[in-house]
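K.L.:
Questions regarding the structure given below will be posed in turn.
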Amino acid sequence: MLTFILVYLSIYGGMNAYLFWKAQRAFSLHGFRLFVLISCLILMVLGPILIRLMDRAGMILPA
């Protein structure tokens with residue numbers, strides 16, 4: 022399971038880092054817009070892991 026999580030974080034995190042780099046250069050993002058983009062990308066990477074942890078803790082409705 023640990024190997025899967027490491028591979029997932031490496032591949033998906035790398036894809037989001039590439040998207041961030043391209044979007045920042047294309048749109049010249051600064052300030053609040055840059056913060057929103059970074060927040061969304063981090064949430065997208067950590068989302069499946071957070072859902073799994075919430076499901077395991079019994080929080081089925083929010084998950």
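Plus 21 on top of the position in the sequence shown (first one is 1) and you've got this note's numbering. Every residue gets a Cβ at the ideal spot worked out from N, C-alpha and C, and that includes glycine.
1. Which residue comes first and which comes last in the alpha helix (DSSP H) that contains proline 69?
2. For methionine 14, which of helix, strand or coil comes out of DSSP?
3. Between which residues of its own chain and valine 57 is the CB-CB distance below 8 Å, once the five residues before and five after are set aside?
4. For a quick check, are the C-beta atoms of leucine 30 and leucine 62 less than 8 Å apart?
P.N.:
The relevant details are as follows:
1. To locate residue 69, count along the sequence shown from 1; it is residue 48. Element bounds for proline 69: 53 to 77.
2. With the chain represented from 22 up to 84, any question about residue 14 goes unanswered, as that position is not in the structure.
3. Taking the first residue of the sequence shown as position 1, residue 57 is located at position 36. Correct list: empty, nothing qualifies.
4. Position 9 of the sequence shown, counted from the start, is the residue given in the question as residue 30. Position 41 of the sequence shown, counted from the start, is the residue given in the question as residue 62. For leucine 30 and leucine 62, no; Cβs fall outside 8 Å.
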